[in-house]
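In our numbering, the protein residues as written are 76 to 128.
Put into structure tokens, the structure is as follows:
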């Protein structure tokens with residue numbers, strides 16, 4: 076499970092320290108995980124769920 080600030084959100088760390096959901100997905104897929112769920116109920120964060128394999 077990954078919950079992180081959206082790149083476009085004014086909240087959270089500086090923009091240059093934020094990762095997009097696509098960047099996170101690419102990193103985790105390269106490590107052998109697959110995304111199973113995406114939730115969008117948080118206004119300033121994205122919420123991604125991954126499983127091994």
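Glycine is no exception: its CB is placed at the ideal position from the N, C-alpha and C atoms.
With fewer than 16 neighbouring CB atoms inside 10 Å of its own CB, residue 115 falls in the exposed class. Residue 79 counts as buried, since no fewer than 16 other beta carbons sit within 10 angstroms of its beta carbon. The alpha carbon of residue 111 has as its nearest neighbour, out of 105, 128, 86, the alpha carbon of 128. For residue 124, the enclosing beta strand (DSSP E) begins and ends at 120-127.
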